[in-house]
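Residue numbers (UniProt numbering): 1 to 803. To start, the structure itself, in structure tokens.
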Amino acid sequence: MKIASVIVDVPAKQTDKAFDYLIPSQWEETIQPGMRVVVPFGPRHIQGFVIEVKRESEFKQLREIIEPMDLVPVLNQELLKLGTWLTDHTLCFKIFAFQVMLPAALKAKYEKKVKLAPGAAAVDLPMPLQPYFANSSTLNWEIALKNGLVPYLQRASAEGFLEVIYEVKEKVRKKLVHVIGPAIGVQDMKLELERLPGNADKQKQVLAYFIEHDSEIELRQLTEKIKASSSTVKALVEKKLLWEAEKEVYRDPYENRTFERTSPLPLTEAQTTAIKPILDSIEGNQHEVFLLYGVTGSGKTEIYLQSIQEVIEKGKEAIVLVPEIALTPQMVNRFKGRFGDQVAVLHSGLSAGEKYDEWRKIQRKQVKVAVGARSAIFAPFENIGIIIIDEEHETSYKQEEMPRYHAKDVAIERAKTYSCPVVLGSATPSLESFARAQKKVYHLLSLPTRMNNQPLPSVEIIDMREELRAGNRSMFSTKLFEMLKDRLEKNQQSVLFLNKRGHSSFVMCRDCGYVVSCPNCDISLTYHRAGVQMKCHYCGFESPVPKICPECSSEYIRYFGTGTQKVEDELGKILPEARVIRMDVDTTGRKGSHERLLKEFQDGKADILLGTQMIAKGLDFPNITLVGVLSADTMLHLPDFRSSEKTFQLLTQVSGRAGRHQLPGEVIIQTYTPEHYSIELAGTQNYDLFYQREMFVRKMHHYPPFYFLALITVSHEQLMTVMSATEKIARFLRSQVSNQAVVLGPSVSPIARINNRYRYQCLIKYKREPNLTKTLKTIIDQHQNEAKNGLLVSVDVNPFILM
DNA sequence: AGCACGCCGACT
DNA sequence: GTCGGCGTGCTC
Numbered sequence: 001m002k003i004a005s006v007i008v009d010v011p012a013k014q015t016d017k018a019f020d021y022l023i024p025s026q027w028e029e030t031i032q033p034g035m036r037v038v039v040p041f042g043p044r045h046i047q048g049f050v051i052e053v054k055r056e057s058e059f060k061q062l063r064e065i066i067e068p069m070d071l072v073p074v075l076n077q078e079l080l081k082l083g084t085w086l087t088d089h090t091l092c093f094k095i096f097a098f099q100v101m102l103p104a105a106l107k108a109k110y111e112k113k114v115k116l117a118p119g120a121a122a123v124d125l126p127m128p129l130q131p132y133f134a135n136s137s138t139l140n141w142e143i144a145l146k147n148g149l150v151p152y153l154q155r156a157s158a159e160g161f162l163e164v165i166y167e168v169k170e171k172v173r174k175k176l177v178h179v180i181g182p183a184i185g186v187q188d189m190k191l192e193l194e195r196l197p198g199n200a201d202k203q204k205q206v207l208a209y210f211i212e213h214d215s216e217i218e219l220r221q222l223t224e225k226i227k228a229s230s231s232t233v234k235a236l237v238e239k240k241l242l243w244e245a246e247k248e249v250y251r252d253p254y255e256n257r258t259f260e261r262t263s264p265l266p267l268t269e270a271q272t273t274a275i276k277p278i279l280d281s282i283e284g285n286q287h288e289v290f291l292l293y294g295v296t297g298s299g300k301t302e303i304y305l306q307s308i309q310e311v312i313e314k315g316k317e318a319i320v321l322v323p324e325i326a327l328t329p330q331m332v333n334r335f336k337g338r339f340g341d342q343v344a345v346l347h348s349g350l351s352a353g354e355k356y357d358e359w360r361k362i363q364r365k366q367v368k369v370a371v372g373a374r375s376a377i378f379a380p381f382e383n384i385g386i387i388i389i390d391e392e393h394e395t396s397y398k399q400e401e402m403p404r405y406h407a408k409d410v411a412i413e414r415a416k417t418y419s420c421p422v423v424l425g426s427a428t429p430s431l432e433s434f435a436r437a438q439k440k441v442y443h444l445l446s447l448p449t450r451m452n453n454q455p456l457p458s459v460e461i462i463d464m465r466e467e468l469r470a471g472n473r474s475m476f477s478t479k480l481f482e483m484l485k486d487r488l489e490k491n492q493q494s495v496l497f498l499n500k501r502g503h504s505s506f507v508m509c510r511d512c513g514y515v516v517s518c519p520n521c522d523i524s525l526t527y528h529r530a531g532v533q534m535k536c537h538y539c540g541f542e543s544p545v546p547k548i549c550p551e552c553s554s555e556y557i558r559y560f561g562t563g564t565q566k567v568e569d570e571l572g573k574i575l576p577e578a579r580v581i582r583m584d585v586d587t588t589g590r591k592g593s594h595e596r597l598l599k600e601f602q603d604g605k606a607d608i609l610l611g612t613q614m615i616a617k618g619l620d621f622p623n624i625t626l627v628g629v630l631s632a633d634t635m636l637h638l639p640d641f642r643s644s645e646k647t648f649q650l651l652t653q654v655s656g657r658a659g660r661h662q663l664p665g666e667v668i669i670q671t672y673t674p675e676h677y678s679i680e681l682a683g684t685q686n687y688d689l690f691y692q693r694e695m696f697v698r699k700m701h702h703y704p705p706f707y708f709l710a711l712i713t714v715s716h717e718q719l720m721t722v723m724s725a726t727e728k729i730a731r732f733l734r735s736q737v738s739n740q741a742v743v744l745g746p747s748v749s750p751i752a753r754i755n756n757r758y759r760y761q762c763l764i765k766y767k768r769e770p771n772l773t774k775t776l777k778t779i780i781d782q783h784q785n786e787a788k789n790g791l792l793v794s795v796d797v798n799p800f801i802l803m
């Protein structure tokens with residue numbers, strides 16, 4: 001008898017281990033590690049992952065696996081191993097580590113139902129239940145709960161008339177089509193054609209088709225071509241001349257689009273120098289991490305493409321990560337254009353079914369390249385030849401829920417297994433990566449100039465305090481206004497960038513400054529235009545927008561938006577002839593509207609593109625010659641040690657949108673703190689100097705890359721409980737770590753309260769702490785036991801946002 | 001997580 | 001004396 005070790009779909013400390021099950025003999029050959037199975041767990045049926053098949057178990061009373069959920073493992077050996085690695089490094093439950101590697105569609109859904117017991121009839125049941133079982137033998141538990149039927153159900157089940165069943169359901173069904181193919185050879189087919197009765201005209205046509213085309217075809221296409229009905233084809237299948245099968249098809253989200261095929265471009269001298277070590281690494285099957293540091297427009301993408309080309313020619317596969325790809329259709333186009341249908345694209349803009357289909361293409365080895373956002377790092381390839389992370393400094397590569405992994409770390413781990421290179425590309429590398437490159441841990445490759453040697457756009461920093469002193473109270477400096485007007489006359493395009501703190505809009509009273517905030521959480525409510533409602537992003541609380549201020553009864557309480565609305569209004573006043581496209585959460589809410597708006601801008605249907613963060617990346621339009629940043633310093637004052645770095649990166653990136661082609665570009669940065677080094681140096685686009693300045697600050701304050709961080713957040717409904725619990729944790733930590741490490745806190749979390757739970761945190765800064773993982777695990781374990789009294793403890797190793 | 005088992009207060 | 005409150009512990 002074979003036995004399977006199964007990780008069950010119950011995220012809890014006590015169940016975070018493998019459970020052994022007997023494999024029923026009919027599945028003995030089928031069930032393999034990496035498959036999902038349905039297993040009995042207590043009274044329920046739940047999903048689990050087989051991690052091992054063995055012959056013995058230390059448990060004697062084993063139950064049997066109910067059924068496999070896959071015919072082929074969904075996780076290969078490498079991914080199973082990677083799951084363990086993820087669990088150890090992010091301190092998450094094993095089940096989360098496996099689930100995160102699969103498309104959401106493969107996450108099980110559970111349904112609890114009651115069913116009439118064999119031999120029982122509706123009339124046997126208590127009266128109130130009878131109508132529910134008149135037409136159907138099952139009743140959904142949810143419905144029973146809503147209608148207060150549970151006591152009756154319990155009685156009926158005790159009497160043996162009903163039984164409770166648990167169903168495990170898949171979220172998506174595979175899309176299937178009928179396929180028809182020849183069951184015999186061409187010669188035999190010709191003979192059979194002769195033998196058909198004279199009146200079987202349609203059947204003859206079908207056979208004739210297969211004599212000409214000796215391959216399978218979709219039933220629908222065949223009947224359409226020959227104008228035959230499916231019964232004609234069926235008859236031939238009956239005669240065993242043709243075969244019929246159900247075949248899985250993929251919904252291709254890009255199927256209606258054509259991609260202009262491109263071929264490798266000749267490389268510049270700098271590109272040739274940069275790509276050489278990568279190609280060598282591919283050639284020699286060497287694991288190495290490259291930091292490709294190149295200014296915007298220096299041709300990093302072409303290096304990616306040609307490296308991938310090399311990998312494909314070696315018969316291997318490539319993973320390319322891009323930040324939130326739905327936002328960069330231009331990037332998709334470049335990969336699809338070069339590698340055509342060898343590319344699978346995984347991003348958040350796809351439906352669950354579409355994502356699943358793209359994932360299946362990878363799993364079935366029908367593609368060679370996976371392009372996608374963070375989670376694409378788990379693409380189920382088995383012969384990876386290169387992993388590329390574009391814009392490696394992007395914070396979206398860090399997942400902020402369990403498992404709290406960073407795609408870069410996963411990339412390096414997988415690349416080690418496959419002994420292949422990792423390429424991290426950026427114009428403004430994260431300090432961590434650049435520091436590693438300096439220490440020769442990563443191999444630094446530089447592309448210092450733009451292609452065709454276009455100059456970087458000239459940047460001018462405008463001190464808005466001066467503007468105010470000069471009597472200009474508008475949000476446009478005189479200079480920016482004049483330049484906008486100039487571009488309008490020249491028929492060139494401009495981009496206006498509004499750097500907003502956070503990305504949401506709020507409602508504020510203009511008289512007293514009161515901001516409508518959530519009663520459960522210490523953050524302001526977000527305005528949602530659609531429902532004229534205000535919503536809390538953390539707990540889901542909703543309330544209507546107040547007409548008068550609850551504090552001072554003023555009527556001047558209103559929506560502050562992302563500010564783009566206001567900018568648009570003001571633009572309309574000062575430049576009424578300008579055609580403006582506004583891009584923010586309000587205008588891009590609907591699927592595809594983002595791409596549509598960009599297309600309109602590209603087609604020259606507008607003069608000015610106005611937007612927030614989301615327009616900072618990936619725009620590459622030839623006619624943009626002016627970029628204006630309306631407020632550069634709004635995110636500089638966030639309580640985050642990376643705020644300077646983020647400001648510098650964002651400003652540099654936005655500036656890079658201008659003048660990427662023939663026309664030279666100009667950039668205007670408006671700020672209230674022009675003397676801050678991250679703004680000043682973004683102005684001169686001097687990354688190296690910024691790096692030095694920021695490294696000095698980080699060293700002073702014991703922050704990464706000089707120290708590692710771990711963040712512990714504790715929450716509870718009672719303020720006193722959180723404080724004392726966090727205090728206890730901090731004391732414990734201090735007793736466990738070496739004197740090289742610093743434990744900060746307990747301190748109030750930047751978001752002091754979420755969903756009526758007070759939040760305190762504790763930050764550990766350390767250099768080398770071999771036992772820290774163990775210590776953190778101990779803390780998690782101890783508080784899992786105390787979770788009963790409502791205390792929640794979460795640990796984030798290498799946090800990105802300290803909130 | 002769910003669910004069962006089990007031990008103490010307010011009711012037919 | 002019973003129904004049910006949710007504290008505790010188990011699920012291969």
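Even glycine gets a Cβ: it sits at the ideal position worked out from N, Cα and C.
Cα-Cα separation between residue i and residue j, rounded to whole angstroms
i	j	result
residue 514	residue 526	14 Å
residue 237	residue 190	16 Å
residue 612	residue 629	10 Å
residue 496	residue 14	53 Å
residue 450	residue 360	38 Å
residue 123	residue 167	26 Å
residue 675	residue 469	17 Å
residue 132	residue 151	15 Å
Pair within 8 Å by beta-carbon distance, residue i and residue j
i	j	result
residue 296	residue 656	yes
residue 319	residue 259	no
residue 90	residue 596	no
residue 367	residue 342	yes
residue 740	residue 703	no
residue 371	residue 322	yes
residue 690	residue 677	yes
residue 754	residue 539	yes
residue 265	residue 302	yes
residue 780	residue 709	no
residue 624	residue 461	no
residue 484	residue 663	no
CB-CB length for residue i against residue j, believed under 8 Å
i	j	result
residue 292	residue 431	No, residue 292 and residue 431 are not in contact; Cβ-Cβ is about 16 Å, not under 8 Å.
residue 278	residue 385	That pair is no contact at about 11 Å.
residue 518	residue 536	4 Å
residue 607	residue 494	7 Å
residue 521	residue 751	7 Å
residue 138	residue 109	Wrong, their Cβ atoms sit about 16 Å apart, outside the cutoff.
residue 833	residue 66	There is no way to answer for residue 833, as the model of the chain reaches only from 1 to 803.
residue 631	residue 499	6 Å
residue 300	residue 75	Their Cβ separation, rounded to whole angstroms, is 32 Å, which puts residue 300 and residue 75 out of contact at 8 Å.
Per-residue DSSP class, three states only, for residue i
i	result
residue 93	coil
residue 782	helix
residue 168	strand
residue 795	strand
residue 790	coil
residue 353	helix
residue 684	helix
residue 115	strand
residue 533	strand
* Enumerate, from N- to C-terminal direction, the unbroken alpha helix (DSSP H) stretches of 4 or more residues contained entirely within the segment 417-481. => 431-438, 464-469
* To do: Run through the segment 221-245 for me and flag every whole alpha helix (DSSP H) of 4 or more residues, listed as ranges in chain order.
  => 230-238
* To do: For the segment 281-320, list the alpha helix (DSSP H) runs that are entirely contained and at least 4 residues long, ordered along the chain.
  => 300-313
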